Amino acid sequence: MSDIFEQDIDFDQEDISALEDSESSDSSYSKNFVFPENLYKLKLEYSSEGVYAIGPDSGKLNPGQKVIVPTRYGDDLALVLGKAEHPVGIKPSDVVKVTRIADEKDEEKLRELVEKEKQAFTVFREKVAYHHLEMKLITVHFLVGEPKALFFFSSDSRVDFRELVKDLVSVFKMRIELRQIGVRDESRITGGLGVCGRPYCCHQVSDKLRPVSIRMAKEQNLSLNSMKISGQCGRLLCCLSYEYDWYAEARKKLPNEGIRLQYDGTNFRVTEVNPIT
608 MSDIFEQDID FDQEDISALE DSESSDSSYS KNFVFPENLY KLKLEYSSEG VYAIGPDSGK
668 LNPGQKVIVP TRYGDDLALV LGKAEHPVGI KPSDVVKVTR IADEKDEEKL RELVEKEKQA
728 FTVFREKVAY HHLEMKLITV HFLVGEPKAL FFFSSDSRVD FRELVKDLVS VFKMRIELRQ
788 IGVRDESRIT GGLGVCGRPY CCHQVSDKLR PVSIRMAKEQ NLSLNSMKIS GQCGRLLCCL
848 SYEYDWYAEA RKKLPNEGIR LQYDGTNFRV TEVNPIT
């Protein structure tokens, strides 16, 4: 299953190109792969990440039903959104198989773990202060399907947290995994209101972090002032990619800036191209 979090954290870039997302789009989709009829779209409870999963052999799944599915961190709880009738842009490797249908014991365990996560925040901060580490805890999650805790944090530099992990293991008596995440992930997890007055796209509109480049702003004749085209995370706005394909296609049918055209017997030079008008 694909990673919902950014892969690389660059601490040195300072120019406007540092606002871009350096992730490269993966186009390695299998055109010959036939998706099974019992393919469902799920949503992970803790991260709202979308997951495609094959239903259990015992029968079909219903929207609103909760199941246990394998994730890149371990077995965890997910909500069934519905059947995936016509999946687009999905790699075979992104599809998992439902481990089992969640029962009342899983629901009770989830409620207990939510309370435990609140306590884990306090413990983590105390241990970080004790070890004098520069770390900001973003979120904590205890897996429902297995004894494992995930701590997601941000930091301006690399952190040696080996001693911290030992302390956390001694307190919680389970497997501990610490993940350093980027600024886009922090905004996606915490949420908030953007400059448009609406919730962050990465938090509410999409469950995946898509690549965004400065070229998308240029194609749409937007200001290249970093304050106007960047979000609270300091990276380029996610919404810059929403209409980019339309602008890129429209510009193919229009003349380039700087060329000369003859109209009604008069020569003109194209100084600006605005696809909208």
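Heads up: take any position in the sequence shown, counting from 1, add 607, and you land on my numbering.
Positions of the beta carbon are idealized from the N, C-alpha and C atoms, including for glycine.
Nothing here was measured: the structure is a model prediction, and the numbers come from that model.
Check                                                                                                                                                         : Outcome
Provide the residue span of the alpha helix (DSSP H) that contains E784, from first to last.                                                                  : From DSSP, E784 is part of no alpha helix (DSSP H) but of the beta strand (DSSP E) over 782-787.
How would you label I866, buried or exposed, when you count the other beta carbons within 10 angstroms and need 16 or more for buried?                        : exposed
Which whole-angstrom value describes the C-beta separation of E793 and S764, a residue pair presumed to lie in contact below a C-beta threshold of 8 Å?       : No, E793 and S764 are not in contact; Cβ-Cβ is about 15 Å, not under 8 Å.
I'd like the ranges of any alpha helix (DSSP H) spanning at least 4 consecutive residues and lying wholly in the region 680-735.                              : none
Rank R805, K734, G662 by C-alpha distance to the C-alpha of V776 and give the top, closest one.                                                               : K734
For G799, which residues of its own chain have a beta-carbon under 8 Å away from its beta-carbon, when the five flanking residues on both sides are left out? : P806, Y807, H810, Q839
Assuming N678 is part of the beta strand (DSSP E), what are its boundary residues?                                                                            : The sequence shown places Thr at residue 678, not Asn. From DSSP, T678 is part of no beta strand (DSSP E); its letter is neither H nor E.
For F858 and V658, what's the separation of their Cα atoms in angstroms?                                                                                      : Rather than Phe, the amino acid found at residue 858 in this sequence is Arg. Answer to the nearest angstrom: the Cα atoms are 35 Å apart.
Could you check the C-alpha separation between R822 and Y849 for me, to the nearest Å?                                                                        : 13 Å
L831 and A824: beta carbons closer than 8 Å?                                                                                                                  : yes
Are V751 and T706 touching if we call contact CB-CB under 8 Å?                                                                                                : no
Quick one: give me the first and last residue of the beta strand (DSSP E) that Q869 is part of.                                                               : 867-870
Which parts of the region 745-801 are runs of the alpha helix (DSSP H), unbroken and 4 residues or longer, counting only runs that do not cross its ends?     : 769-779, 790-797
Please state the DSSP three-state secondary structure of L847.                                                                                                : helix
Which same chain residues end up closer than 6 Å to T884 when comparing Cβ atoms and leaving out the 5 residues on each side of it in sequence?               : none
Which residues in the same chain have their Cβ closer than 7 Å to the Cβ of K716, if we skip the five residues on either side of it in sequence?              : V751
Grab the span of the alpha helix (DSSP H) containing I836 for me, first residue to last.                                                                      : 833-836
By Cβ distance below 8 Å, which residues in the same chain neighbour M608 in space, the five residues on each side in sequence not counted?                   : Low confidence applies here, because M608 scores a pLDDT of 43, under 50, leaving its location unreliable; read the following figure in that light. If we look at M608 and ignore the five residues flanking it on each side, its Cβ neighbours are V658, P677, T678, R679, S700, D701, V703.
Out of curiosity, what's the CA-to-CA distance linking L829 and C846?                                                                                         : 12 Å
Specify the secondary structure class of R876 as computed by DSSP and reduced to three states.                                                                : strand
Is it right to say V812 is buried, meaning 16 or more other beta carbons lie within 10 angstroms of its own, or is it exposed?                                : exposed
From this set, M781, K773, D871, T873, which residue's C-alpha is nearest E753's C-alpha?                                                                     : M781
Considering K825, what are the terminal residues of the beta strand (DSSP E) in which it resides?                                                             : Note, K825: premise wrong, no beta strand (DSSP E); alpha helix (DSSP H) at 821-826.
Beta strand (DSSP E) containing G657: first to last residue?                                                                                                  : 657-661
Please state whether DSSP places Y807 in a helix, a strand or coil.                                                                                           : coil
Compare the Cα-Cα distances from A727 to each of I796, F779, V819, V695 and report the closest residue.                                                       : F779
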